[in-house]
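J.: Residue numbers (full-length UniProt numbering): 1 to 407. Don't be surprised by glycine CBs; every beta carbon is placed ideally from N, CA and C. This is the structure I have questions about; it appears just below.
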Amino acid sequence: MSVGLDKNDFIACCGSTKFAEQMVADGPFATYEEAVAAANDVWFNKVDVHGWLEAFAAHPQIGQNLSSAAHKSSTSVQWSKGEQSTALATATDSSLQELYEWNSRYKKKFGFVFLICASGRSTPEILAELKRRFPNRPIVEFEIAAQEQMKITELRLQKLFSNIQVSASTQVHSTASDVTKAEEGRVTILGGHLTAPSVTSDPKSSPIPTRVRPPITTHVLDVAHGCPAAGIEVLLEMYNAKQLSPMFGKSDNDKWMVQGSSTTDKDGRSGQLMKIVDDLNPGIYRISFNTGKYNPLGFFPFVSIVFEAELARERVDRIAHEARLTREAEAAMGLHPEDFIQHGSKLTGDHMNPTGYGGSGLNNRHVASDHSSSYGGGATTRYSGGTYTTSAGGHDARKMAIHHKYL
Numbered sequence: 001m002s003v004g005l006d007k008n009d010f011i012a013c014c015g016s017t018k019f020a021e022q023m024v025a026d027g028p029f030a031t032y033e034e035a036v037a038a039a040n041d042v043w044f045n046k047v048d049v050h051g052w053l054e055a056f057a058a059h060p061q062i063g064q065n066l067s068s069a070a071h072k073s074s075t076s077v078q079w080s081k082g083e084q085s086t087a088l089a090t091a092t093d094s095s096l097q098e099l100y101e102w103n104s105r106y107k108k109k110f111g112f113v114f115l116i117c118a119s120g121r122s123t124p125e126i127l128a129e130l131k132r133r134f135p136n137r138p139i140v141e142f143e144i145a146a147q148e149q150m151k152i153t154e155l156r157l158q159k160l161f162s163n164i165q166v167s168a169s170t171q172v173h174s175t176a177s178d179v180t181k182a183e184e185g186r187v188t189i190l191g192g193h194l195t196a197p198s199v200t201s202d203p204k205s206s207p208i209p210t211r212v213r214p215p216i217t218t219h220v221l222d223v224a225h226g227c228p229a230a231g232i233e234v235l236l237e238m239y240n241a242k243q244l245s246p247m248f249g250k251s252d253n254d255k256w257m258v259q260g261s262s263t264t265d266k267d268g269r270s271g272q273l274m275k276i277v278d279d280l281n282p283g284i285y286r287i288s289f290n291t292g293k294y295n296p297l298g299f300f301p302f303v304s305i306v307f308e309a310e311l312a313r314e315r316v317d318r319i320a321h322e323a324r325l326t327r328e329a330e331a332a333m334g335l336h337p338e339d340f341i342q343h344g345s346k347l348t349g350d351h352m353n354p355t356g357y358g359g360s361g362l363n364n365r366h367v368a369s370d371h372s373s374s375y376g377g378g379a380t381t382r383y384s385g386g387t388y389t390t391s392a393g394g395h396d397a398r399k400m401a402i403h404h405k406y407l
């Protein structure tokens, strides 16, 4: 059954007005493949130079604050945030500054923003590609940018079609605004994972757990396609041995006790991986993802993340206390956080470092420990204030972001 999309839908996919109008004229399209074929023909054969530049201008610079950018489509802004999520998750203050400077140099030379299909790409990857393309002649770079725009358009068309449901008798049209609502819903779901539920002031007053979900949850996103990763098998285990922690290079699979297993749903969320309790038993946990089954052509047959959880309430109370001491010390010295933010610095000190974690920073919400480490093959794990984010990439450029939280 044919799918009818309007001008706003196509504007969200490609910022060229002529492209959007021509796609509406050529539609409706029965399948995603038909729409992609038509989009390639329209973009490369029917849209003029002005249309290409209009589409380029609709994109923010990589790393730019998207809320401050002017766009025709709010859906495009939402999608851009998702497409740049890997880049922002792997960025540092210095790499963002370097990226900003190279973006400025690029635009000054070529007259338009540096365009790249950023989905699933880290900041170092994007920066390296920008530097590689910078010496190109303008005519060459213009063609490359047009090809990158087509990659972005195809990715966004896929998002549109994935949100269109057709019943046996009625075709339901999901517009770009519907897609935006769906993606905002997924952001809300992710926020639910990363936000600790409220607890009563007196734990003895209620023998029933105050949580509505287990203390360890996970949410997997396929950032290469900008959608949840559904159908991934997840296994949660806890280390149970006399020694304090597993030893590097030693096989001790018999020491791991299964806590629970599940499969991610259509939103990329796992089911219940352990009992719903108020307090997580402190110890070392391992969460494993059967990525090989999800993507047989990928680089990783499976991905396991090992992490240590301490008593959450004590840690939260300690961090809150340390943050209060920090504010009192700043007030006594006449310091203000914006003074440090303005100069690109961070407040550091022993009083701001939770035991066992390196690095500390102050933002407008809380003091958090922030640790990043990279692994060969394109896997990156990032820890920030109790939240782990892991991105894993295969040789076929499919990547996933895995978010899990313990509290």
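Helix, strand or coil for Leu53 per DSSP?
T.: By one-based count along the sequence shown, residue 53 stands at place 53. The answer is helix: DSSP assigns Leu53 an H, G or I state.
J.: Indicate the three-state DSSP secondary structure (helix, strand or coil) for Phe289 in the structure shown.
T.: Within the sequence shown, numbered from 1, the residue matching residue 289 stands at position 289. If DSSP states are grouped into helix, strand and coil, Phe289 belongs with the strands.
J.: Any contact of the stretch 110-129 with the stretch 262-281, i.e. 3+ C-beta pairs under 8 angstroms?
T.: Contact fails: fewer than three Cβ-Cβ distances are below 8 angstroms.
J.: Quick one, which of Gly226, Thr31 and Asp252 has its alpha-carbon nearest Thr86's?
T.: Translated into the one-based positions of the sequence shown, residue 86 becomes position 86. When each option's Cα is compared against that of Thr86, the closest is Gly226.
J.: Between the stretch 285-301 and the stretch 231-241, do three or more beta carbon pairs fall short of 8 angstroms?
T.: Yes, they touch.
J.: Which ranges would you report for the alpha helix (DSSP H) in the stretch 79-139 if only whole runs of at least 4 residues count?
T.: 85-89, 93-110 and 123-133, all fully within the stretch 79-139.
J.: Starting from the Cα of Ala25, find the closest Cα among Ile284, Leu5, Asn40 and Val49 and give me that residue.
T.: Counting from 1 along the sequence shown, the entry for residue 25 is found at position 25. Considering only alpha carbons, the answer is Leu5.
J.: Jot down the residue ranges of each uninterrupted alpha helix (DSSP H) in the UniProt domain "Transthyretin/hydroxyisourate hydrolase" (216-310), minimum 4 residues, whole runs only, in chain order.
T.: Correct list: 291-294.
J.: Rounded to the nearest angstrom, what separates Tyr32 and Phe161 at their Cα positions?
T.: Here residue 32 corresponds to residue number 32 of the sequence shown, with the count starting at 1. Here residue 161 corresponds to residue number 161 of the sequence shown, with the count starting at 1. Approximately 6 angstroms, taken between the alpha carbons.
J.: Please state whether the Cβ-Cβ distance between Pro228 and Gly271 is less than 9 angstroms.
T.: To locate residue 228, count along the sequence shown from 1; it is residue 228. To locate residue 271, count along the sequence shown from 1; it is residue 271. No, the pair does not count as a contact, with Cβ atoms beyond the cut-off.
J.: Determine the burial state of residue 482: buried for a count of at least 16 other Cβ atoms within 10 Å of its Cβ, exposed for fewer.
T.: No answer is possible for residue 482: it lies beyond the span of the chain, which begins at 1 and ends at 407.
J.: Can you round the beta-carbon distance between Ala55 and Gln149 to whole angstroms, since I take them to be within the 8 angstroms contact cut?
T.: Numbered from its first residue, the sequence shown carries residue 55 at position 55. Numbered from its first residue, the sequence shown carries residue 149 at position 149. Yes, Ala55 and Gln149 are in contact; Cβ-Cβ is about 6 angstroms, under 8 angstroms.
J.: Beta carbon of Thr218, beta carbon of Leu273: below 9 angstroms?
T.: Start at 1 with the first residue of the sequence shown, and residue 218 comes out as number 218. Start at 1 with the first residue of the sequence shown, and residue 273 comes out as number 273. Result yes, Cβ atoms of Thr218 and Leu273 sit closer than 9 angstroms.
J.: Quick one: using the 10 Å Cβ neighbour count with 16 as the cut-off for buried, is Ser245 buried or exposed?
T.: As a working note, residue 245 is residue 245 in the sequence shown. Burial call: exposed.
J.: Work out the CA separation of Leu155 and Ser251 for me, nearest whole Å.
T.: Residue mapping note: residue 251 aligns to position 251 of the sequence shown, counting from 1. Residue mapping note: residue 155 aligns to position 155 of the sequence shown, counting from 1. Whole-angstrom Cα-Cα distance: 42 angstroms.
J.: Kindly give me the distance between the Cβ atoms of Ala118 and Gln84, rounded to whole angstroms, as I take these residues to be in contact under 8 angstroms.
T.: Here residue 118 is taken as the residue at index 118 of the sequence shown, counted from 1. Here residue 84 is taken as the residue at index 84 of the sequence shown, counted from 1. About 5 angstroms; that satisfies the 8 angstroms criterion.
J.: Report the residue from Asn103, Lys159 and Phe289 whose alpha carbon sits nearest the alpha carbon of Gln78.
T.: Here residue 78 corresponds to residue number 78 of the sequence shown, with the count starting at 1. Minimum Cα distance to Gln78 is reached at Lys159.
J.: Rounding to the nearest angstrom, what Cα-Cα distance links Tyr100 and Lys108 in this structure?
T.: Against the sequence shown, residue 100 aligns to sequence position 100. Against the sequence shown, residue 108 aligns to sequence position 108. For Tyr100 and Lys108, the distance between alpha carbons rounds to 12 angstroms.
J.: Run the CB neighbour count on Phe10, radius 10 Å, all protein chains shown included, and call it buried at 16 or more, exposed below.
T.: Translated into the one-based positions of the sequence shown, residue 10 becomes position 10. Answer is buried; the Cβ neighbour count reaches 16.
J.: Going by beta carbon distance, what residues of the same chain come within less than 6 angstroms of Ala35, once the five residues before and after it are set aside?
T.: Numbered from 1 along the sequence shown, position 35 holds the residue referred to as residue 35. The residues are Phe29 and Leu157.
J.: Given a cut-off of 9 angstroms on the beta-carbon distance, is the pair Ile284 and Ala309 in contact?
T.: Position 284 of the sequence shown, counted from the first residue, corresponds to residue 284. Position 309 of the sequence shown, counted from the first residue, corresponds to residue 309. Result yes, Cβ atoms of Ile284 and Ala309 sit closer than 9 angstroms.
J.: Distance check for Thr92 and Cys13, CA to CA, integer angstroms please.
T.: The residue given as residue 13 occupies position 13 in the sequence shown. The residue given as residue 92 occupies position 92 in the sequence shown. Computed Cα separation, rounded: 29 angstroms.
J.: Given a cut-off of 9 angstroms on the beta-carbon distance, is the pair Phe114 and Gln61 in contact?
T.: The residue labelled residue 114 in the question sits at position 114 within the sequence shown. The residue labelled residue 61 in the question sits at position 61 within the sequence shown. Yes, the Cβ-Cβ distance between Phe114 and Gln61 is below 9 angstroms.
J.: If you reduce the DSSP assignment to three classes, tell me which class Gln61 lands in.
T.: Counting from 1 along the sequence shown, the entry for residue 61 is found at position 61. Looking at Gln61 - three-state DSSP - the assignment turns out to be coil, as it is neither helix nor strand.
J.: Express the C-alpha separation of Pro138 and Phe110 in angstroms, rounding to a whole number.
T.: Residue 110 sits at position 110 when you count from the first residue of the sequence shown. Residue 138 sits at position 138 when you count from the first residue of the sequence shown. Near 6 angstroms, if we compare the C-alpha coordinates of Pro138 and Phe110.
J.: Quick check: what's the CA-CA separation for Ala332 versus Asp317?
T.: Taking the sequence shown and counting its residues from 1, the one referred to as residue 332 is at position 332. Taking the sequence shown and counting its residues from 1, the one referred to as residue 317 is at position 317. C-alpha separation (whole angstroms): 23 angstroms.
J.: Alpha carbon to alpha carbon, what distance is there between His321 and Thr355?
T.: Mapped onto the sequence shown, residue 355 falls at position 355. Mapped onto the sequence shown, residue 321 falls at position 321. Note that Thr355 scores 39 on pLDDT, short of 50, meaning its location in the model is unreliable and no value can be drawn from it.
J.: What did DSSP end up calling Ser162 once you bin it into helix, strand or coil?
T.: Position 162 of the sequence shown, counted from the first residue, corresponds to residue 162. Three-state result, Ser162: helix.
J.: Once you ignore the five residues that flank Ser198 on each side, which residues in its own chain have a CB closer than 6 angstroms to its CB?
T.: The count along the sequence shown starts at 1 and reaches residue 198 at position 198. Reliability of the predicted coordinates at Ser198 is poor, the pLDDT of 39 falling under 50, and the value obtained from them is presented with this limitation in mind. For Ser198, where only same-chain residues beyond five positions count, there are no Cβ hits under 6 angstroms.
J.: Taking the straight line between their C-alpha atoms, what separation do you get for Met257 and Pro214?
T.: The residue given as residue 257 occupies position 257 in the sequence shown. The residue given as residue 214 occupies position 214 in the sequence shown. Cα-Cα distance, rounded: 17 angstroms.
J.: Please name the residue, chosen from Asn40, Ala38 and His50, that lies closest to Lys18 on a Cα-to-Cα basis.
T.: Against the sequence shown, residue 18 aligns to sequence position 18. For the residues Asn40, Ala38 and His50, the minimum Cα distance to Lys18 belongs to His50.
J.: Which of the three DSSP states, helix, strand or coil, is assigned to Arg213?
T.: Your numbering for residue 213 matches position 213 in the sequence shown. Coil at Arg213, not helix or strand.
J.: Going by Cα to Cα distance, which pick from Ser288, Leu297, Ile319 and Gly298 is closest to Ser304?
T.: Numbered from its first residue, the sequence shown carries residue 304 at position 304. Of Ser288, Leu297, Ile319 and Gly298, the residue nearest in Cα terms is Ser288.
J.: Helix, strand or coil for residue 493? Go by DSSP, reduced to three states.
T.: Nothing in the structure corresponds to residue 493, since the chain is present only between 1 and 407.
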